[in-house]
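Colleague: My structure is below; once you've seen it, I'll send some questions.
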Amino acid sequence: MRGASIGVITVLLLARSGPVSAQEGQWPLFRGPDAGAVADDPRLPETWSETENVVWRADIPGLGWSSPVVWDDHIFLTTALSAGEERAPIPGLYDPGADSGAMRSTANHRWLVYDLDFETGAVRWVRELYTAAPAIERHLKNSYASETPVTDGERLYVYFGSIGLVAALDLGGEVVWTRELGVFNGRQRFGTAASPALHDGRLFVVNDNTTQSFLVALDAATGREVWRVERNEV
């Protein structure tokens with residue numbers, strides 16, 4: 024890792040034994056349609072490597088554990104890009120040289136949303152949603168962009184739990200609305216937020232933290248808070 028590169032997210036589009044078409048099925052949320060983690064297509068390859076069954080490869084600067092989502096010819100993903108030096112993730116459960124794996128960064132980070140072309144991997148647009156030094160620590164095995172976006176084909180919804188920001192963008196990358204939910208610490212610095220979910224015009228966001236966990240429903244079109252309930256710790 025060096026300078027502003029700070030890490031590289033590699034996105035691979037796997038080849039199928041026939042023409043690839045995004046319109047054959049969307050992948051709009053974490054784990055795909057209905058969160059079932061099933062891509063039901065007999066043409067999908069069973070084996071691949073860095074070169075085998077790969078149509079294209081795109082390197083995205085920064086660090087993010089979020090999964091890409093697909094709608095038509097758009098591939099959306101998120102990343103957090105540090106302006107300073109940052110250690111790469113290492114194999115194993117914990118870093119023996121770090122106290123419980125917690126990491127503090129004082130360098131400015133940029134929280135970014137990318138849109139890639141499904142057929143070519145070319146960057147269609149990049150939208151910066153926030154710039155600052157992180158207010159909380161993260162675990163060495165975590166990132167500041169770990170929540171997977173969700174889309175309904177009209178808007179893309181992004182939640183960065185590390186900065187407490189929810190945003191809706193149109194598919195051209197313009198911000199429709201934003202809402203701040205607060206920044207909270209989580210146990211072991213593994214993060215506080217789940218990937219957002221959509222249903223019946225509402226966006227649902229979970230935040231499990233050490234202060235007061237909650238579930239909030241937002242109006243998907245406007246970002247208005249519809250309701251909020253506290254979550255008791257088990």
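Here this note's numbering is used: the first residue of the sequence shown is 24, the next is one more, and so on. All residues carry an ideal CB built from backbone N, CA and C; glycine is no exception. Remember, it's a predicted structure, so these values are computed and weren't measured experimentally.
Of all the options 245, 167, 107 and 251, which has the alpha carbon lying nearest to the alpha carbon of residue 259?
Modeller: No answer is possible for residue 259: the residues shown for the chain start at 24 and end at 257.
Colleague: Identify which residue in 241, 202 and 216 has its Cα closest to the Cα of residue 224.
Modeller: The residue with the shortest Cα to Cα distance from residue 224 is 241.
Colleague: Over what stretch of residues does the beta strand (DSSP E) that includes residue 183 continue unbroken?
Modeller: Residues 178-183.
Colleague: Which whole-angstrom value is the C-beta distance of residue 52 and residue 220, which I expect to be below 8 Å?
Modeller: So it is a contact: roughly 7 Å between Cβ atoms.
Colleague: Count Cβ pairs between the region 60-77 and the region 128-139 that sit closer than 8 Å; are there 3 or more?
Modeller: Touching, no.
Colleague: Using DSSP's beta-bridge definition, name the partner residues of residue 174.
Modeller: Note: residue 174 sits in a beta bridge opposite 179.
Colleague: Would you report the Cα separation of residue 42 and residue 48, rounded to the nearest angstrom?
Modeller: Only weak support exists for where residue 42 lies, its pLDDT of 42 falling under 50; the value from the coordinates is given anyway. Cα to Cα, residue 42 sits roughly 13 Å from residue 48.
Colleague: Is the beta carbon of residue 150 less than 8 Å from the beta carbon of residue 173?
Modeller: Not a contact, by the Cβ cut-off of 8 Å.
Colleague: Would residue 171 pass as a contact of residue 105 if the rule is Cβ separation under 8 Å?
Modeller: Going by C-beta atoms, residue 171 is not nearer than 8 Å to residue 105.
Colleague: Along the chain, where does the beta strand (DSSP E) containing residue 103 start, and where does it finish?
Modeller: That run of the beta strand (DSSP E) goes 97-105.
Colleague: Where do the ends of the beta strand (DSSP E) carrying residue 230 lie?
Modeller: Segment 225-230, the beta strand (DSSP E) holding residue 230.
Colleague: Quick check: the Cα distance between residue 188 and residue 71, rounded to an integer number of angstroms?
Modeller: Going from the Cα of residue 188 to the Cα of residue 71 covers about 36 Å.
Colleague: Could you give the first and the last residue of the continuous beta strand (DSSP E) run that contains residue 84?
Modeller: Residues 77-84.
Colleague: Does the region 157-166 touch the region 198-205, meaning 3 or more C-beta pairs lie closer than 8 Å?
Modeller: The answer is no - the region 157-166 does not touch the region 198-205, with fewer than three Cβ pairs under 8 Å.
Colleague: Please confirm whether residue 243 and residue 178 have their CB atoms less than 8 Å apart.
Modeller: The answer is yes: Cβ separation under 8 Å.
Colleague: Leaving out five residues before and five after residue 236 in sequence, what residues of the same chain have Cβ atoms less than 6 Å from its Cβ?
Modeller: If we look at residue 236 and ignore the five residues flanking it on each side, its Cβ neighbours are 254.
Colleague: For residue 159, which three-state DSSP category applies?
Modeller: Reduced to three states, the DSSP call for residue 159 is coil.
Colleague: Do you know how far the Cα of residue 77 is from the Cα of residue 252?
Modeller: The alpha-carbon atoms of residue 252 and residue 77 are separated by roughly 44 Å.
Colleague: Quick check on DSSP: helix, strand or coil for residue 64?
Modeller: Coil, per DSSP.
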